[in-house]
Amino acid sequence: MLNQNKDFLALYKRGVCIPLRHVVLYVRRNRFGFNRLGVTAGKKLGNAVCRNRAKRLIRQAYRETEALLPCGVDLVIVARSSILQIKSPELTALLAGKGLRQLQAAAARDPQKQ
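Residues 22 to 135 in our numbering are what the sequence shown spells out, letter by letter.
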């Protein structure tokens, strides 16, 4: 789990950005043998109830697609305002489909620069 500000900033600065319809993915290979996830939902999304719902949707979609992801990547998922109008299966399908293809390509071409 990513929870330090410096980890998020490093991903925003040196990671590969993958914009999708309801979320934006930032991905970068890490030096660990496992994936680390960070989830953000800004105040533009709405009040705390809306932000927490968006984060729950993202975490659930990640759990359902985690086995398909390449190992050893840092991943930050940023919620867009349109995420509040969709259901969990739709977000899971988005991450498992277009998001997964782009994420695998980005992880393959992103050399670790630490």
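Using N, Cα and C, we set each Cβ at its ideal position, and we do this for glycine too.
Since the structure is predicted, the reported quantities are computational estimates derived from the model, not experimental observations.
Alpha helix (DSSP H) segment containing residue i, residue limits
{"i": "Ala117", "result": "Neither: Ala117 is in no alpha helix (DSSP H) and is coded neither H nor E."}
{"i": "Leu78", "result": "Ala69 to Thr86"}
Sheet register partners of residue i (DSSP bridge)
{"i": "Ala100", "result": "Val44"}
{"i": "Ile107", "result": "Ile107 is not bridged to any residue."}
For residue i, three-class secondary structure by DSSP
{"i": "Arg136", "result": "Lying before the first or after the last residue shown, residue 136 is absent from the chain, which here runs from 22 to 135."}
{"i": "Cys92", "result": "coil"}
{"i": "Leu23", "result": "coil"}
Contact check, residue i vs residue j, beta carbons under 8 Å
{"i": "Arg101", "j": "Val45", "result": "yes"}
{"i": "Arg57", "j": "Asp95", "result": "yes"}
{"i": "Ser109", "j": "Leu78", "result": "yes"}
{"i": "Arg80", "j": "Val99", "result": "no"}
{"i": "Leu124", "j": "Ile39", "result": "yes"}
{"i": "Leu41", "j": "Val97", "result": "no"}
{"i": "Ala62", "j": "Thr86", "result": "no"}
{"i": "Arg50", "j": "Leu32", "result": "no"}
{"i": "Cys92", "j": "Gly54", "result": "yes"}
{"i": "Leu121", "j": "His43", "result": "no"}
Span of the beta strand (DSSP E), counted from its first residue to its last, around residue i
{"i": "Gly59", "result": "Arg57 to Thr61"}
Minimum Cβ-Cβ distance from residue i to chain C less than 8 Å
{"i": "Gln123", "result": "You won't find chain C in this structure, because it holds only one protein chain."}
* To do: Determine contact between the segment 64-73 and the segment 96-105, defined as no fewer than three beta-carbon pairs at a distance below 8 Å.
  => yes
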